[in-house]
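Only one structure is covered here, and it is reproduced in the block below.
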Amino acid sequence: MNILTPHDWKILAVFEGITLGSGGLVAFLTRKSMAFYDTVARPSFAPPGWLFPVAWTVLYATMAFAAWMIWRERPANIKALLTLYFLQLLVNCLWPVVFFTLEALGLAFVWLILLWALVLATMIGFFRTKKAAGWLLVPYQAWLTFAAVLNFTVAKMN
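Okay, here's the thing in structure tokens:
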């Protein structure tokens, strides 16, 4: 790997800022509706509410780092890969609005399946370009799988 330049660090900061910032924006937009999670019937395997922001902060940071690694590789399909990355990030940001604010549990599950598929496509593209970037998305995909099971179960219980 090449030596990191000041420009590389700035671009990493941009990726981290956009990705973590989008999570922060979603938290702000859904702050008044988060109490909804405490009111719905949940399965025994549902994590406590405090775990979600911790998990998402770690996941967003690693997602951004993976995207930055792809940017550094400059593959021929960089536009397609980064478009896919930002598309899945947008879909990710809308899921909490659908679930917590709109309280549309069934629609949130369908939306989460769309997100899951977009992340899978992103992860495959990242793996083909730089294996380490692909591996950085594996915990995200695993978390989304768990979230889908949880969302489906909550939707069924309510």
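Going by numbering that gives the first Met the number 0, the residue at position 1 of the sequence shown is 0; the numbering climbs one at a time, nothing skipped.
Quick reminder that beta carbons are idealized off the backbone N, C-alpha and C, glycines included.
- The beta carbons of I112 and A147 sit about 7 Å from each other, so the pair counts as a contact at 8 Å.
- Within its own chain, the residues whose Cβ lies closer than 8 Å to the Cβ of T56, once the five positions on either side in sequence are excluded, are L19, G22, listed in chain order.
- Relative to W142, the option among N76, F35, M62 whose CA is nearest is M62.
- In this structure, F98 lies away from L89, with their beta-carbon atoms at least 8 Å apart.
- Classified as exposed, G16 has fewer than 16 neighbouring CB atoms from the shown chains inside 10 Å of its CB.
- Take N150, set aside five residues on each side of it, and the residues of its chain with a beta-carbon closer than 6 Å to its own are A107, F108, L111, in chain order.
- Look at L3 here: in three-state DSSP terms it is coil, with no helix or strand label.
- Around V39, the same chain offers V153, N157 as residues with beta carbons nearer than 7 Å, after the five sequence neighbours per side are excluded.
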